[in-house]
Structures are given as structure tokens and as C-alpha cells.
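K.L.:
Residue numbers (my numbering), protein chains in the order written: chain S, 285 to 495; chain R, 285 to 495.
For glycine and all other residues, C-beta sits at the position ideal for the given N, C-alpha and C.
Sharing a structure here in C-alpha cells format.
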DNA sequence: GTCTATAGACAGATAGAC
DNA sequence: GTCTATCTGTCTATAGAC
């Protein structure tokens, strides 16, 4: 492994474990067994190294989701279920979500995180649409918004898990969300006459839109 | 306002805006117009000041939720709706959730965050139970897990909003979650004969439990 | 109680030899 | 390309005068 690769690998693990500010050149150098010279030879400084590392992480995460939950890996509802119930080390935190919450995060890293979340939403949106087509999910649901909501539940699971210092809240909320989806099968095919309206009249998109 | 109060107020705002590590004594001192002496007279150091500030924030947030969404403030479903649709400056971030994600956060601050989330869950769990009693929400749902899931959606909304650099994802996911709840009215009262089972057989609690 | 001055450690970056 | 030595700034904390 080249020194450059070693530096990026060290940066990736440190970003995950300790965040951007605590990813000091000193520690990166120790882990990668490279000297200062190498770091500043390949990169303009700490930020560029971190940006390259973050970009790699985003690509890895995106690709993995696409492979495991993309179209062709099962029914829509199965893919949603598979995503929700993936094994997660909640206390370790999400490599993407944690960065998003860092107030000091430079824009060069944030944009990678944003792109990864976009790709993830795209995969889940497709799964929701398939589930609706397959009759496993209520057709009135906004696929794009529901996809983001499923992502939000997982991200929130990380937050609650870290707050409590236990993994349990993650399984708790992903399990509940999964149960919710199971309850949301559309009305049965038999000719149903004028069932009660589904919730009060409201736009299916978010009701408020700020700025 | 005493110097001590001024220090705590400065710490509270800095924790929110910039996080724990960036809350430097230097900046706290500038904002509070106190000198180094005052800080180290009232507190053992940065960490103790931050812990006191965080505890105050947690208390404020908890109390506000209890006042606006607690029992006696409307029907269960209205209280859940009110919580989900509260005005939030998503880009500014959640004072509690952001701290939870900080890898460098000392235990003395984390525990305050944990307590606040516990109180919040308690308020929402009560609202879910009331909604179920009032026939506005499906009785099969686990009230405690659903309460945590609603919290998770909001926390995830913050993450997605910050990742994208826009407020919009917050309204998007809270709106979608709200719509989901509206679809989850229990089966109508009319004697329904043998409707299809609600989702596949599964425990209502989280399906997996780690550790 | 509150202040200023200063210590000691480490951050991020540069210089220059090999 | 890779190294070591060094620079400058900031961090958290302490000292000691008023």
C-alpha cells in the first residue's frame, strides 16, 4: 500500500472514530506510518486529505446500499425491510450522519455527505415505488418523502443510541418503523365502498415549507 | 446578571453554535465579558462549565415540550401532530441531538442529553397512548417504541437538513411521518369480518435486540 | 470575586536535508 | 518522495496582584 493510500485509510478511520477536528495530522501520521513530508507532498493540508477520505467513504457506503437494496434484490417491501434491519453498530455512529452534525465541518466534506444521502434516498424511493406497485404499500404515500423518512429514522436511531450509550434504541426505532410499514398495506382489493377518508385532507408533500 | 450566569449563558449559546471542543474559554470569556479569574473561580474548568450549561439546556427543552405537548393540551393525535410540526430551524441543529453525535463529548454532558430524551419520550408515549384510547391510532402499535421513532424522525430531519444545507428535509420528513400516522387509524368500528391480517406475524417490539 | 500575565502542550503548517 | 527539525498560533489552566 502506497503512503498516499495509507494516509487516506488512516484519515477514514480517524474521521469515523473521532471526527474532523480530532483527526490531527499527528495521529494520521502515526497510523499511516508516514512522515509529515508525505502528507504535505500528496495533499495541500489536513482539509484536503479529509475531503478525499470522506469522498471515499461516501462512495463505499453508497455502493454498498445500491448493491444490497437496489432494484433486482427482491420485492420493494423486502428491500425496505432489509435496509431498516441491517446490522448496525449504533454506538459507533454513522460515518455520514455524524459528519453532518459537526458544526466545524468544512464544505468540502459536507458535499460528499450530501451526495451519499441523495443516492441513498434514490435507492429507497425506488423500493417504495416498487412496493406500491406490488400492492404492499399504500399508494397514497409520497415515495420520495417516505424514503427520506426511513433514512431519518435510522439517523435518529444513531442519535438516540449515542445519547443513551446503548445500541438498543436503534433496533427499537427501526423495528417500530418496520412495523408501521407493515400496517400500511393498501385497502384490500375487494370492492370496498366509501371507507372513511384516509386522514384529514392535506397535501401529501410536507405541509410547511420554510424560507 | 451575575458573572456566573453570564458565563453559563455564553457557554449555552456556544455549545449550540459550535459544539463542545470549539467552546473555548477564550470565546466564552469574550461573550460573557468576564475574565479568566471568574471562570476558574466558579468552575473547575471548561468541562464543568459546559456540563452546567448543558444541564440547563436539557431542562429548558424538556420543560418546553412538557408544557406544549403534555397531557391536557389537546387530543393525543393533536399533541403528536403539534410536536412533529413545531417550527424548527433545522440548519441551526438540535441543541440535544448535535451533542449526542459529538465523539469527544465528555460523559458529564452526555448524561444530561440522555435524560432530556427520556423525558421527551415519556411525553410522546403518553400522547400515543391517549391517541390509541381515543381511537385515532392503531391499537397494535407499541406506544413507547413509536414515541422514540417520532423523536428519531425529527433527529434524522436535522441530520438530513444539515447534510443538504437546507431546511426543507426537516419539513419533508416530519410531514411524511405525520401523514403516516394519519393513515394508521384503526379499522373502523363497523363490524368488519375477517379483514386481511395486519402485516405478517411479528413481535411488535423491535425484531432484533443486540448485545 | 475579578483581573492580567504567563505557563505548558499541541495544533497545523513550513523548511530544507537526503 | 520521504524524512526530521522548527515555526507560529491557540488551547486549557495556573499564578498572583488588586
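Could you give the distance in angstroms between the alpha-carbon of residue 357 (chain R) and the alpha-carbon of residue 325 (chain R)?
P.N.:
Their backbone Cα atoms lie some 44 Å apart in a straight line.
K.L.:
Within 8 Å of any Cβ in chain R, is that where the Cβ of residue 403 (chain S) sits?
P.N.:
Not one chain R Cβ lies under 8 Å of residue 403 (chain S).
K.L.:
Could you give the C-beta distance for residue 460 (chain R) and residue 430 (chain S), rounded to a whole number, given that I count them as a contact under 8 Å?
P.N.:
With a Cβ gap of about 5 Å, residue 460 (chain R) and residue 430 (chain S) count as contacting.
K.L.:
So, do the stretch 411 to 428 of chain S and the stretch 335 to 342 of chain S have three or more beta carbon pairs nearer to each other than 8 Å?
P.N.:
Too few Cβ pairs lie closer than 8 Å, so no.
K.L.:
Can you give me the Cβ contacts of residue 307 (chain S) inside the same chain, cut-off strictly under 8 Å, excluding the 5 residues immediately before and after it?
P.N.:
Once the five neighbours on either side are set aside, the close Cβ partners of residue 307 (chain S) are 295, 298, 299, 330, 334.
K.L.:
Secondary structure at residue 429 (chain R), three-state DSSP: helix, strand or coil?
P.N.:
Residue 429 (chain R): helix per DSSP, three-state reduction.
K.L.:
Beta carbons nearer than 8 Å to chain R: which residues of the stretch 338 to 356 of chain S have them?
P.N.:
Correct list: empty, as no residue qualifies.
K.L.:
As an exercise, report each continuous alpha helix (DSSP H) stretch of at least 4 residues that is fully enclosed by the stretch 385 to 423 of chain R, in chain order.
P.N.:
Whole alpha helix (DSSP H) segments, 4+ residues: 391 to 417.
K.L.:
Answer yes or no: does any C-beta atom of chain S fall closer than 8 Å to that of residue 430 (chain R)?
P.N.:
Yes, its Cβ sits closer than 8 Å to a Cβ of chain S.
K.L.:
Kindly list, in the order they appear in chain S, the residues whose Cβ is closer than 7 Å to that of residue 446 (chain R).
P.N.:
Ordered by position in chain S, the residues that pass the 7 Å Cβ test against residue 446 (chain R) are 384, 385.
K.L.:
Apply the 10 Å Cβ neighbour rule to residue 474 (chain S) and answer buried if 16 or more other Cβ atoms are within range, or exposed otherwise.
P.N.:
Caution applies to residue 474 (chain S), whose pLDDT of 47 falls short of 50 and renders its modelled position unreliable; the model cannot decide the point.
K.L.:
Would you mind sorting residue 386 (chain R) into buried or exposed? The rule is 16 or more other CB atoms within 10 Å of its CB.
P.N.:
With 16 or more Cβ atoms within 10 Å of its Cβ, residue 386 (chain R) is classed as buried.
K.L.:
Note down, in chain order, every chain R residue with its Cβ under 8 Å from the Cβ of residue 303 (chain S).
P.N.:
Those are 386, 387, 388, listed as they occur along chain R.
K.L.:
For chain S, is any of its Cβ atoms less than 8 Å away from the one on residue 468 (chain R)?
P.N.:
It does; some Cβ of chain S falls within 8 Å.
K.L.:
Which residues bound the alpha helix (DSSP H) around residue 307 (chain S)?
P.N.:
Premise fails: residue 307 (chain S) is in no alpha helix (DSSP H) and is neither H nor E.
K.L.:
What residue from S:376, S:396, S:435, S:471 has the CA that sits closest to residue 450 (chain S)'s CA?
P.N.:
Minimum Cα distance to residue 450 (chain S) is reached at S:376.
K.L.:
If we cut at 8 Å on Cβ distances, does residue 453 (chain S) have a partner in chain R?
P.N.:
Yes, residue 453 (chain S) counts as interfacial toward chain R.
K.L.:
Apart from the five residues on each side of it in sequence, which residues of its chain come closer than 8 Å, Cβ to Cβ, to residue 435 (chain S)?
P.N.:
The answer, listed in chain order, is 401, 404, 405, 408.
K.L.:
Mapping DSSP to helix, strand and coil, what is residue 471 (chain R)?
P.N.:
Residue 471 (chain R) falls in the coil class under three-state DSSP.
K.L.:
Against chain R, does residue 362 (chain S) count as a neighbour if the rule is that its beta carbon must be under 8 Å from one of theirs?
P.N.:
Output row for residue 362 (chain S): interface = no.
K.L.:
Determine the chain S residues that contact residue 422 (chain R) at a beta-carbon separation under 8 Å, and present them in chain order.
P.N.:
Under the 8 Å cutoff, chain S gives 467.
K.L.:
Report buried or exposed for residue 310 (chain R), applying the criterion of at least 16 other Cβ atoms within 10 angstroms of its Cβ.
P.N.:
By the neighbour-count rule (16 or more Cβ atoms within 10 Å), residue 310 (chain R) is not buried but exposed.
K.L.:
Helix or strand or just coil, what does DSSP make of residue 371 (chain S)?
P.N.:
Coil at residue 371 (chain S), not helix or strand.
K.L.:
Looking at the C-beta of residue 438 (chain S), does it have a partner C-beta in chain R at a distance below 8 Å?
P.N.:
Answer yes: the Cβ-Cβ gap between residue 438 (chain S) and chain R drops below 8 Å somewhere.
K.L.:
Unbroken alpha helix (DSSP H) runs of length 4 or more, entirely within the stretch 316 to 341 of chain S: which are they?
P.N.:
Taking only runs of at least 4 residues, the alpha helix (DSSP H) segments lying wholly in the stretch 316 to 341 of chain S are 320 to 326.
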